[in-house]
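Numbering (my numbering), first residue to last: 6 to 104.
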């Protein structure tokens, strides 16, 4: 399930299960390259929740999670960050990273 964060329900969305959070910006080249990869992962992993967070619209969340560069991916399990990846990564690498 792929969600674009539009309201402040972020904390609720990450409380249970495994969630991949993609911090991005519309103007970011590597973020644009990563977009299709995230879309494919969403289709291939229907049990994985994916939340895209635009850092220009949600600066508070970017600050809270220490996002200094984009794209930044967080893998969150039951509300806790377990992995962090900064920069573009190919689909194969990202697939194994989320396992």
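Where is the CB? At the ideal position from N, CA and C, for every residue including glycine.
Just mark residue 21 as buried or exposed, buried being the case when its beta carbon has 16 or more other beta carbons within 10 Å. It counts as exposed.
At the level of alpha carbons, what is the spacing between residue 102 and residue 66? 23 angstroms
Just the C-alpha distance for residue 79 and residue 45, rounded to the nearest angstrom, thanks. One alpha carbon belongs to residue 79, the other to residue 45, and they sit about 17 angstroms apart.
Distance check for residue 40 and residue 51, CA to CA, integer angstroms please. 17 angstroms
Quick one: complete alpha helix (DSSP H) runs, 4+ long, within the region 27–56? 34–49
State the start and end residues of the unbroken beta strand (DSSP E) segment that holds residue 79. 77–82
Considering Cα atoms alone, identify which of 97, 90 and 98 is closest to residue 27. 90
Counting only beta-carbon atoms, is residue 42 nearer than 8 angstroms to chain C? Among the chains of the structure shown, chain C does not appear; only one protein chain is present.
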